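Colleague: Per our numbering, the sequence shown starts with residue 75, numbered consecutively.
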Amino acid sequence: MPAQYGNQGPGPAGPPVSATVTMASNIPEETTSFVGRKAELARLEHSLAAHRLTTLTGTGGVGKTRLAVRATRHAATGHRDGVRWADLSPLHDDGLLIATVSDAVGLCDHTLRMPIDALCEWLVDKELLLVLDSCEHLRSACAHLLGEILTTSPGLTVLATSRQPLGIKGEQLVEVEPLPVEGAADALTLLRDRAAAAAPGLALDAPGNAEAAADICRRLEGIPLAIELAAGALGRDTVEQVAVRIGSRFDVPTDESLRLPRHRTLRTAIGWSHELCTPLERLLWARLTVLRGDFDEAAAREICAGGPLTEDGVTEALNGLVAKSVVGRDGARHRMLDTIREYGRMWLAELGEERAAADRHAACFLGLARRAHAGWTGDEQITWYHRIAESHADLCAALDHLLAHDTGAAQEMAGRIGFFWCCCGHLPQTREYAQRALDAGPAEGPHRTRALWVLGITVMLQGDYPAARRLGRECTRAAARDGTDEGILAAAYLCGLTHLMTGRPEASLRQVDRVLRTTGTATPLETAYRLRCHLITVFALTSLGRLDEAEAAALSLRAACEAQDECWTRSYVDYQLALIALLQGDADTSAAHARSMLAGKHRLRDSFGIALGLDILAAAIAARARRPRRPGVRHGTGLLAHGRPPATRHPGTGPPARGLRTPGPRGRRRRRLPTRLREGPGGQRGGGSRGRAPGRTADVGPEGTRSIRIKKRILLCGRADQRRSEVRQPAVPAVPAPRSARCRRSPSTTPPSSTTASTAAASHAPCTRWSPRRSPRRSPPARPASGASRNSWRATRPPATRS
């Protein structure tokens, strides 16, 4: 289990429950030495401290990104919420710009709002440094986006890198010049460092080498990328040979006014490197440009092999490109710089292979989607989950290509990766691509049914329950036509989850129970869709108060998950077991299950799941400690196995759209948030984010989001003061932790029955299983302290007194 979740937690004398999280930085790692740039670093650090928007400008290959990495590492400590890095180079248009920035800052929006509105609200109280790297091809879109977020986020500082200024009011420009070339300058130091990797033992300071090395740096005008390409050639040629070949391509006039622009110098250097490559290396260079992001050797072999370039030849040529600094290598992953990719793309067009390369690219990632879908239930689930996440840009590119040229394959791909994307938080893209695939693809078939299911899950996660019900019915009809158990179980899962989200646990239980019985002989328990339906059963039984049955079902489901090392379903089973144990008064067991859930969510890098786990863990520790809970600490039901419960929003994505409702006098339902949901730390009302309990901190790891606060960020605690009026009922009650040291489980409380409407309705009210200690005569409990609402007073009374 990750160390940040600690041991079994504090006892009665332990420290307060943790609830504030600091957002970690995601600055790229430096894999080579950093040379020079002291003056530029000083100017950039001063600009970042004095201005809210700074743009590093300069020609391609001059070192803007590397300078930004070094400067942001120095500046990270000056920003409360750290540094968030968004790499825009994989984007070919602005369609995924906001989604890319949202991912970078840790936003996973589960609402129907415009993405720009959700991003602005998420950043409104952040104090962070946002880096947008490689903006030149999206200048207009970046300018519009930055204009919006800088206006609404006073604590935000932005550093952009671009070959041209963005043209925004208040933009501070820092020009990045090439490295100095005269004397023992930085350019020569860079050449020496990079040559040591390409040609170990080569002494550039030796007689005969020093002058040639200095000549190389002068002719390349100190442009770092050009110098690194030249250093890559030193592995097979002498320094004098490299200098002579460069001299034949670069006639640098002594008159500065006659020199070519630096981008021409870089282009010439890249062309010279291209000439040094073997024919197969040049072919691989061109074909690799179809890839949008990082790639591994397997993807290169699958996409680029063909004709004279065999699969084994791809491996050999790839190693050659790495040795020549054309392709960078970081472990098992490879990457090509934008400037080098642009040159290779030009050659791909001249070869006439653009369409063929795009077809192979789409086929490769369709195959990835198929393998990931098949491997969801198994010991490689985490591996596939991360591979889908890191291949996001290429999957989108493949889908775009298939939507234009093979709509049936696009429909299949959208259905196979949609659930992964939902789990990763890419709801807007999932909805867009699923809808486009359904509109363009075939009218029926298993692939269409799966795409319908993905779209239904997505809209349900976004809170569009009417659309989810409609899609659930359509998916059920389509699955019946297909006659596949997978489709029938998927439709039952969608319909059952929608019933739960709209306050109908009995209907949910009937739906999945019927399907599980009818498909029991044809589908083993271990299939993904069947596991999900069993998960709905656990949710529904817990919602109905049938805790013993829910616990038995949960333990059986967890055993099935453990047998195949399935992580996603088991993490939510652990959450439900934690909730059941807490309802049964066993806080120690509840905390243990909560920590198990957190361990699984940490493996998945699921920040929303981590928020849920911290929520239930805080409630369990508070119950065990038998001391008053901090106002605002609540735990939800975990009802939604991969998104937000109906009374909540995703932590930090805006006001809750719905809240709890409790029975009022004469059986009427009052639709109002309980007072305890509106109370902040210290019992003060208001939903502001500034109040936090001192000393209550927790680290949820580098993938966790910041600001999971007692007041604002844990599940049900939103800006409740903004939405105190009409709210609707959740499918399952949120359960408060004990409110004082005198709280105990009431022995007279009985689980609500599922057979009568009155008791079923009572099960949707705040839990009554915790009530103040009563005397043997069962006299009425004392009035609550001032500040408690009438509804929370009623929630402590036995069910028999509700009428």
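We put the beta carbon where it would ideally sit given N, CA and C, even for glycine.
As the structure is a computational prediction, the values presented were derived from the model and not from experiment.
Would you kindly work out how many angstroms separate the C-alpha atoms of Ala581 and Arg187, rounded to a whole number?
Modeller: Here residue 581 refers to the residue found at position 507 of the sequence shown. Here residue 187 refers to the residue found at position 113 of the sequence shown. Their backbone Cα atoms lie some 29 Å apart in a straight line.
Colleague: Check for me: the beta strand (DSSP E) holding Thr129 runs from which residue to which?
Modeller: Locating residue 129 in the sequence shown gives position 55, where the first residue counts as 1. Per DSSP, Thr129 belongs to the beta strand (DSSP E) from Leu127 to Thr131.
Colleague: Tell me the DSSP bridge mates of Gly380?
Modeller: One-based indexing of the sequence shown puts residue 380 at position 306. BP columns for Gly380 point to Leu383.
Colleague: Going by C-alpha to C-alpha distance, which of Thr339, Val318, Glu548 and Leu212 sits closest to Ala517?
Modeller: Here the question's residue 517 lines up with position 443 in the sequence shown. Cα-wise, what sits closest to Ala517 is Glu548.
Colleague: DSSP three-state label for His184, please.
Modeller: Start at 1 with the first residue of the sequence shown, and residue 184 comes out as number 110. DSSP places His184 in coil when its eight states are reduced to three.
Colleague: Please name the residue in Leu583, Thr339, Cys378 and Leu365 whose C-alpha comes closest to that of Arg356.
Modeller: Translated into the one-based positions of the sequence shown, residue 356 becomes position 282. The option with the nearest alpha carbon to Arg356 is Cys378.
Colleague: So Ala484 packs on Leu469, CB below 8 Å; how close in whole Å?
Modeller: In the sequence shown, residue 484 corresponds to position 410, counting from 1. In the sequence shown, residue 469 corresponds to position 395, counting from 1. Contact doesn't hold; Cβ gap of about 11 Å is too wide.
Colleague: Rounded to whole angstroms, what's the CA-CA distance from Gln803 to Gly169? Just pull it up for me.
Modeller: In the sequence shown, the residue the question calls residue 803 occupies position 729. In the sequence shown, the residue the question calls residue 169 occupies position 95. Legend: pLDDT at Gln803 = 35, less than 50; position of this residue unreliable, no value from coordinates given.
Colleague: Taking the beta carbon of Asp386 as the centre, do at least 16 other beta carbons fall within 10 Å, making it buried, or is it exposed?
Modeller: Within the sequence shown, residue 386 is the residue found at index 312, counting from 1. Per the 10 Å Cβ criterion, exposed.
Colleague: Does the segment 266-280 come within contact of the segment 231-247, defined as at least 3 CB pairs closer than 8 Å?
Modeller: no
Colleague: Assign Gln650 to one of two classes, buried (16 or more other C-beta atoms within 10 Å of its C-beta) or exposed (fewer than that).
Modeller: The residue you call residue 650 lines up with position 576 of the sequence shown. Classification for Gln650: buried.
Colleague: With a CB to CB cut of under 6 Å and the five nearest residues on each side skipped, what residues in its chain are close to Ser860?
Modeller: Your numbering for residue 860 matches position 786 in the sequence shown. Confidence at Ser860 is low in this model, with a pLDDT of 40, below 50, so its placement is unreliable and the value that follows should be read with caution. Hits under 6 Å: none found.
Colleague: Can you name the start and end residues of the alpha helix (DSSP H) that Ala699 belongs to?
Modeller: Numbered from its first residue, the sequence shown carries residue 699 at position 625. Unbroken alpha helix (DSSP H) run through Ala699: Ser681 to Ala699.
Colleague: Taking the beta carbon of Lys243 as the centre, do at least 16 other beta carbons fall within 10 Å, making it buried, or is it exposed?
Modeller: What you label residue 243 is simply residue 169 of the sequence shown in a count that begins at 1. Of the other Cβ atoms in all chains shown, fewer than 16 fall within 10 Å of the Cβ of Lys243; this residue is therefore exposed.
Colleague: Throw me the rounded Cβ distance for the Thr532 and Arg490 pair, which I believe falls under 8 Å.
Modeller: For the purposes of this step, residue 532 is taken as residue 458 along the sequence shown, with counting starting at 1. For the purposes of this step, residue 490 is taken as residue 416 along the sequence shown, with counting starting at 1. In fact, because the Cβ distance is near 14 Å, the residues do not count as touching under 8 Å.
Colleague: Thinking C-alpha only, which one of Arg669, His667, Gly557 and Gly134 is nearest Ala343?
Modeller: Against the sequence shown, residue 343 aligns to sequence position 269. Ranking the options by Cα distance to Ala343, first place goes to Gly134.
Colleague: Can you give me the C-alpha to C-alpha distance between Arg154 and Glu295, rounded to a whole angstrom?
Modeller: Counted from its first residue, the sequence shown places residue 154 at position 80. Counted from its first residue, the sequence shown places residue 295 at position 221. Cα to Cα, Arg154 sits roughly 40 Å from Glu295.
Colleague: Just to confirm, are Ala192 and Thr174 a CB contact at a threshold of 8 Å?
Modeller: Residue 192 sits at position 118 when you count from the first residue of the sequence shown. Residue 174 sits at position 100 when you count from the first residue of the sequence shown. Not in contact: Ala192 and Thr174 (Cβ atoms no closer than 8 Å).
Colleague: Helix, strand or coil: which one does DSSP assign to Asp559?
Modeller: Translated into positions along the sequence shown, residue 559 becomes position 485. Asp559: helix per DSSP, three-state reduction.
Colleague: Tell me the rounded alpha-carbon separation between Met487 and Ala467.
Modeller: As a working note, residue 487 is residue 413 in the sequence shown. As a working note, residue 467 is residue 393 in the sequence shown. Met487 and Ala467: Cα-Cα distance of roughly 14 Å.
Colleague: When we look at the beta-carbon of Thr451 and count the other beta-carbons within 10 Å, is it buried (16 or more) or exposed?
Modeller: Counted from its first residue, the sequence shown places residue 451 at position 377. The residue is buried, with at least 16 neighbouring Cβ atoms inside 10 Å.
Colleague: Which of the three DSSP states, helix, strand or coil, is assigned to Ala890?
Modeller: It is not possible to answer for residue 890, since the shown part of the chain is limited to 75 through 877.
Colleague: Within 8 Å, do at least three Cβ pairs link the segment 315-322 to the segment 278-290?
Modeller: Result yes; three or more Cβ-Cβ pairs closer than 8 Å.
Colleague: Under three-state DSSP, which class holds His166?
Modeller: The residue you call residue 166 lines up with position 92 of the sequence shown. Looking at His166 - three-state DSSP - the assignment turns out to be coil, as it is neither helix nor strand.
Colleague: How big is the Cα-Cα spacing for Thr151 and Glu201?
Modeller: Within the sequence shown, residue 151 is the residue found at index 77, counting from 1. Within the sequence shown, residue 201 is the residue found at index 127, counting from 1. The straight-line gap from Cα to Cα measures roughly 11 Å.
Colleague: For the candidate residues Glu623, Thr616, Gly619 and Val589, whose alpha-carbon lies nearest to that of Cys607?
Modeller: Mapped onto the sequence shown, residue 607 falls at position 533. Comparing Cα-Cα distances from Cys607 to each of Glu623, Thr616, Gly619 and Val589, the minimum goes to Val589.
Colleague: From the DSSP output, in three-state form, read off Phe613 for me.
Modeller: Translated into the one-based positions of the sequence shown, residue 613 becomes position 539. Of the three classes helix, strand and coil, the one that applies to Phe613 here is helix, per DSSP.
Colleague: Give me the Cβ distance between Ile690 and Ala668, rounded to the nearest whole Å; I'm assuming they're in contact under 8 Å.
Modeller: Residue 690 sits at position 616 when you count from the first residue of the sequence shown. Residue 668 sits at position 594 when you count from the first residue of the sequence shown. Sure, about 5 Å apart at Cβ, within 8 Å.
Colleague: Run through DSSP, which three-state label would Glu518 get?
Modeller: Here residue 518 corresponds to residue number 444 of the sequence shown, with the count starting at 1. The answer is coil: DSSP assigns Glu518 none of H, G, I, E or B.
Colleague: Beta-carbon within less than 7 Å of Thr146's beta-carbon, same chain only, minus the 5 sequence neighbours each way: which residues are those?
Modeller: As a position in the sequence shown, residue 146 is number 72, starting the count at 1. The answer, listed in chain order, is Ile101, Val157, Leu203, Val205 and Leu233.
Colleague: State whether the segment 401-408 contacts the segment 428-437, with contact taken as three or more CB pairs (one from each stretch) at a distance under 8 Å.
Modeller: no
Colleague: Please return the same chain residues whose Cβ sits closer than 7 Å to the Cβ of Leu563, not counting the five positions on each side in sequence.
Modeller: By one-based count along the sequence shown, residue 563 stands at place 489. Closer than 7 Å at the Cβ level, and outside the excluded window around Leu563, lie Val589, Thr593, Thr597, Tyr603, Arg604 and Cys607.
Colleague: Give every residue of the same chain whose Cβ lies closer than 6 Å to the Cβ of Ala446, excluding the five residues on either side of it in the sequence, and list them in chain order.
Modeller: For this step, residue 446 is matched to residue 372 along the sequence shown. So the list reads Trp458 and Ile462, once near-sequence residues are dropped.
Colleague: How is Trp458 classed by DSSP in three states: helix, strand or coil?
Modeller: Along the sequence shown, read from residue 1 onward, the residue named residue 458 stands at position 384. Three-state result, Trp458: helix.
Colleague: Run through DSSP, which three-state label would Gly137 get?
Modeller: Here residue 137 refers to the residue found at position 63 of the sequence shown. Coil at Gly137, not helix or strand.
Colleague: Run through the segment 389-461 for me and flag every whole alpha helix (DSSP H) of 4 or more residues, listed as ranges in chain order.
Modeller: 412-425 and 428-448
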